[in-house]
Amino acid sequence: NEHTNGLIRQYIPKKSEFDNISKEQIVTIAHKLNHRPRKSLNYKTPFEVFMHSFHQILVA
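Its first residue numbered 41, the sequence shown is counted upward by one per residue in my numbering.
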């Protein structure tokens, strides 16, 4: 999605070489993005929405 690409570009400039990005950097960026509130999720984080859905499956 274009919005997510823009969020990623805040951490990784457009013409960056991916060979120069460590796994640790990717994990850090993913964590930051997954814990960032989103207007489209009613200001919940993607992590919160995922955990809520996962919990609903477990108790069903």
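In this text, a Cβ means the ideal position worked out from N, Cα and C, and glycines have one as well.
Residue i - partner residues in DSSP beta bridges
i      : result
Arg-78 : Lys-84
Inter-residue CB distance, residue i and residue j (contact presumed, cutoff 8 Å)
i      : j      : result
Arg-76 : Thr-85 : 6 Å
Val-89 : Leu-81 : 5 Å
Phe-87 : Asn-74 : 5 Å
Cut-off 7 Å between Cβ atoms - residues of its own chain near residue i, not counting five sequence neighbours on either side
i      : result
Tyr-51 : Ile-69
Cut-off 8 Å between Cβ atoms - residues of its own chain near residue i, not counting five sequence neighbours on either side
i       : result
Ser-160 : What the structure shows of the chain is the stretch from 41 to 100, and residue 160 is not part of that stretch, so it cannot be assessed.
Arg-78  : Lys-84, Thr-85, Pro-86
Close beta carbons around residue i, own chain, < 6 Å, minus the five adjacent residues each side
i      : result
Ile-48 : none
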